[in-house]
Amino acid sequence: MITLTPNAVTELGRLLASKAKSPQAGLRLAVRRGGCAGWQYEMQVADPEAGDEIVESGTARVIVAADSIDRLSGCEIDYSDDLTDAGFKIHNPHAARSCGCGTSFEPADEPQGSQAVADGEACGTH
């Protein structure tokens, strides 16, 4: 399903220790139509909902929204602490391209959308 790098496990464990309101809470991950490349990632600390899949590693818990499982299958979640680009990063094998900010992607199994930006191009520059 989804894998987490050691950096992601560490940082997600810290995040959940400080933000989770229940023992079942995790980083809930979903994809929705939108963003400059066609689909955008949504992340929030939340409890699982019916049909969601849960991936656990140490103190880290990722909850994959039921309606997003197919688009997120095989993804790797990493954490970067770069000064200009810190945060959780999703490496998605289903993405043909992604926008420069990394928050949206164009799936490989869909025709290129007219709203998609060139791979790596920053959002808002098209």
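In our numbering, the protein residues as written are 17 to 142. The beta-carbon is built from N, C-alpha and C at its ideal position, and this holds for glycine as well. Quick caveat, the model's predicted, so the values are computed rather than measured.
Residue i in three-state terms, based on DSSP
{"i": "L99", "result": "coil"}
{"i": "D94", "result": "strand"}
{"i": "A62", "result": "strand"}
{"i": "S89", "result": "coil"}
{"i": "A82", "result": "helix"}
{"i": "H110", "result": "coil"}
{"i": "P39", "result": "coil"}
The alpha helix (DSSP H) enclosing residue i, as first and last residue numbers
{"i": "G29", "result": "22-35"}
{"i": "I18", "result": "Where I18 is concerned, there is no enclosing alpha helix (DSSP H), given that its DSSP letter is neither H nor E."}
Distance, residue j Cα to residue i Cα
{"i": "S38", "j": "D63", "result": "7 angstroms"}
{"i": "G50", "j": "Q40", "result": "28 angstroms"}
{"i": "Y57", "j": "S84", "result": "10 angstroms"}
{"i": "I18", "j": "T100", "result": "26 angstroms"}
Beta-carbon gap between residue i and residue j smaller than 8 angstroms
{"i": "L31", "j": "L88", "result": "no"}
{"i": "A102", "j": "L28", "result": "no"}
Contact set for residue i: own chain, Cβ-Cβ below 8 angstroms, skip 5 residues either direction
{"i": "A109", "result": "Sequence inspection shows Pro at residue 109; the Ala mentioned does not correspond to that position. Taken in chain order, the residues that qualify are G90, C91."}
{"i": "K105", "result": "I93, D94, Y95, S96, G118"}
{"i": "W55", "result": "V47, R48, R49, R87, S120, F121, E122, P123"}
beta-carbon residue i near the ligand FAD non-hydrogen atom, thresh 7 angstroms
{"i": "E69", "result": "Absent from the structure shown: the ligand FAD. Ligands present: none."}
Same chain, Cβ closer than 6 angstroms to residue i, five either side skipped, listed in chain order
{"i": "A111", "result": "F121"}
{"i": "S73", "result": "L20, V25"}
{"i": "I79", "result": "G42, R44, P64, D68, I70"}
Host beta strand (DSSP E) of residue i (start-end)
{"i": "S73", "result": "69-73"}
{"i": "G42", "result": "42-49"}
Beta-carbon contacts of residue i that lie in its chain and below 7 angstroms, excluding the five residues immediately before and after
{"i": "K35", "result": "V61"}
{"i": "G67", "result": "A82"}
Test: residue i CB closer than 8 angstroms to a CB of chain D
{"i": "S84", "result": "Absent from the structure is chain D; it holds one protein chain and no more."}
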